[in-house]
Amino acid sequence: MVCMIMTYWLIALIPAIVMVVNKDKLTDYGFSKEKIGMQIIVGILIGTVMSVLLTLIPHLIGFGEFVDSGKRYKYLWQFIYEFFYCIFAIGLV
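Under the working numbering, the first residue of the sequence shown carries the number 525, and numbering increases by one thereafter.
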């Protein structure tokens, strides 16, 4: 499970290396330093709220088969892992 998350970060290393070799800056790719902390916090909050509303609540009230994309969660830890996997491995990379 940990290796799956690490794999995505290793994939992200290649563009980072290319960026360093080319001496590019994040502003060259459309990122700005203006209120970056607030942007990250808002993004995390929106993702969390949407995940809870659109995935966790339907699972808890018995409609999990409609929102699980073929993944059958039997335990809460499975949902929590999938959430962190999607946010911190796939989403950030």
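For glycine and all other residues, C-beta sits at the position ideal for the given N, C-alpha and C. The model shown is predicted, which means the values in this text are computed figures rather than measured ones.
In whole angstroms, give me the CA-to-CA distance for residue i and residue j.
i, j, result
"residue 563", "residue 589", "33 Å"
Since I believe residue j is in contact with residue i (beta carbons under 8 Å), could you give me their beta-carbon distance rounded to a whole number of angstroms?
i, j, result
"residue 591", "residue 578", "6 Å"
"residue 607", "residue 583", "Incorrect: roughly 11 Å between the Cβ atoms, too far for contact."
"residue 609", "residue 529", "6 Å"
"residue 613", "residue 532", "4 Å"
"residue 571", "residue 615", "7 Å"
Determine the burial state of residue i: buried for a count of at least 16 other Cβ atoms within 10 Å of its Cβ, exposed for fewer.
i, result
"residue 587", "exposed"
Of all the options the options, which has the alpha carbon lying nearest to the alpha carbon of residue i?
i, options, result
"residue 597", "544, 569 and 580", "580"
"residue 576", "539, 546 and 611", "611"
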